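Worksheet: the structure to be examined is printed underneath.
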Amino acid sequence: MRRFHKMHGLGNDFALFDAREEPLAMSETLARAIADRRTGIGCDQVILLGPSRIADLAMRIFNADGGEVEACGNASRCVALLVGGRPAIETAGGVIAASADAAGISIDMGAPRFGWDEMPLAYAMDTEAMPVGWEDLHDPAAVNVGNPHVIFFVPDADAVPLDRLGPQIERDPLFPGRVNVNVASVTDGAIRLRVWERGAGLTRACGTGACATAVAAIRRKLVTSPVTVHLPGGALEIDWQPDGTIRMTGPATHVYEGEIDLETLA
């Protein structure tokens, strides 16, 4: 039997396994089975904690389709809640730092990257307003905040058929490594955001998506920092700081702790 924690950040939910002392071999097949909401634990992402030589601990992230990704802001807040203190967390996208105060759990997500080859894109173009489009979605921004995001600013984010366009854009040849798809509308200095996550689909919240969208909106002078980003699951506060790094603040929730026989899923 293997102990796990079910946690969520604004409804973006995780099955978290702490393998710092007892190693756990995670595969694409096993992650997909754990994430299955009918026959597994059920979650958007499977999180595996392990030891790190450069930080307090390491975090690996597997989407519901079993694919491993570089970063997850909501999962980072959940890990910080679970381990306590001010942990430095090693991810495939870099080391991030966490802290907690009355406003919630804050994560220093590092500096955003804007180079077309840092996304990466299939060919060079201006990532502040890319001259491409899909149906009524045009001129997106592209930002890498540990994982790649494309952001469309629209009059009404809720009116976009993201369940249909999301998978089409995610797998477009323009994005060789696939991409997270964000649609956002700006009202009264705040952002309304919906996200199609690469490998996970529509989720109630996406921390890296909120960071990428806030930065893209600030670059276009649509908002100023800090800015509140409203997602279906709740709100995150995003601060693109003078030193160039992004600070994300929001809640994290521990739902329950349980045990599962992983051999029955493999």
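Residue numbering for the sequence shown follows the numbering used here, starting at 1 and increasing by one per position.
Ideal placement from N, C-alpha and C gives every residue a C-beta, glycine not left out.
All values reported here derive from a predicted model rather than from experimental measurement.
*Would you mind giving the Cβ-Cβ distance between A122 and M130, rounded to the nearest angstrom? I have them listed as a contact below 8 Å.*
Taking the sequence shown and counting its residues from 1, the one referred to as residue 122 is at position 122. Taking the sequence shown and counting its residues from 1, the one referred to as residue 130 is at position 130. No, A122 and M130 are not in contact; Cβ-Cβ is about 12 Å, not under 8 Å.
*How many angstroms separate the CA atom of K6 from the CA atom of D172?*
Here residue 6 is taken as the residue at index 6 of the sequence shown, counted from 1. Here residue 172 is taken as the residue at index 172 of the sequence shown, counted from 1. Going by the C-alpha atoms only, they are around 33 Å apart.
*Considering only residues of the region 185 to 247, which uninterrupted beta strand (DSSP E) runs meet the minimum length of 3 residues and lie entirely inside it, listed in chain order?*
190 to 197, 201 to 203, 227 to 231, 234 to 240
*Determine the extent of the alpha helix (DSSP H) in which R178 is found, giving its start and end residues.*
Here the question's residue 178 lines up with position 178 in the sequence shown. Segment: none, R178 is in no alpha helix (DSSP H) and carries neither H nor E.
*For the alpha helix (DSSP H) holding I34, just list the boundary residues, first then last.*
As a working note, residue 34 is residue 34 in the sequence shown. I34 -> alpha helix (DSSP H) spans 28 to 35.
*On the premise that A75 lies in contact with F14, defined as a C-beta separation below 8 Å, what is that separation, rounded to the nearest angstrom?*
Residue 14 sits at position 14 when you count from the first residue of the sequence shown. Residue 75 sits at position 75 when you count from the first residue of the sequence shown. Beta-carbon to beta-carbon, F14 and A75 are separated by about 5 Å, close enough to satisfy the 8 Å threshold.
*Taking all protein chains shown into account, decide if V179 is buried (16 or more other Cβ within 10 angstroms of its Cβ) or exposed.*
Looking up residue 179 in the sequence shown gives position 179. Looking at its Cβ environment, which holds 16 or more other Cβ atoms inside 10 Å, V179 is buried.
*Going by DSSP, name the residue or residues bridged to R38.*
In the sequence shown, counting from the first residue as 1, residue 38 sits at position 38. R38 pairs with nothing; no bridge assigned.
*May I have the straight-line CA-CA distance separating N268 from S225, to the nearest angstrom?*
Outside the displayed span of the chain (1 to 266) sits residue 268, for which this structure offers no information.
*For S52, three-class secondary structure by DSSP*: Translated into the one-based positions of the sequence shown, residue 52 becomes position 52. Here S52 sits in coil by DSSP.
*Taking the C-alpha atoms as reference points, what is the distance between G209 and I151?*
Here residue 209 is taken as the residue at index 209 of the sequence shown, counted from 1. Here residue 151 is taken as the residue at index 151 of the sequence shown, counted from 1. In a straight line, the C-alpha of G209 is about 8 Å away from that of I151.
*Which whole-angstrom value describes the C-beta separation of P148 and F175, a residue pair presumed to lie in contact below a C-beta threshold of 8 Å?*
Against the sequence shown, residue 148 aligns to sequence position 148. Against the sequence shown, residue 175 aligns to sequence position 175. Right, their Cβ atoms sit about 7 Å apart.
*Three-state secondary structure (DSSP) at N74?*
The residue given as residue 74 occupies position 74 in the sequence shown. DSSP places N74 in helix when its eight states are reduced to three.
*Report yes if the C-beta distance between L275 and H254 is below 8 Å; otherwise report no.*
Coverage of the chain is limited to positions 1 through 266, which leaves residue 275 absent and any answer about it impossible.
_Please classify M26 as buried or exposed, where buried requires at least 16 neighbouring CB atoms within 10 angstroms._
Taking the sequence shown and counting its residues from 1, one reaches residue 26 at position 26. With 16 or more other Cβ atoms within 10 Å, it is buried.
_DSSP three-state label for V160, please._
Within the sequence shown, the letter at position 160 stands for residue 160. Note: V160 maps to coil in three-state DSSP.
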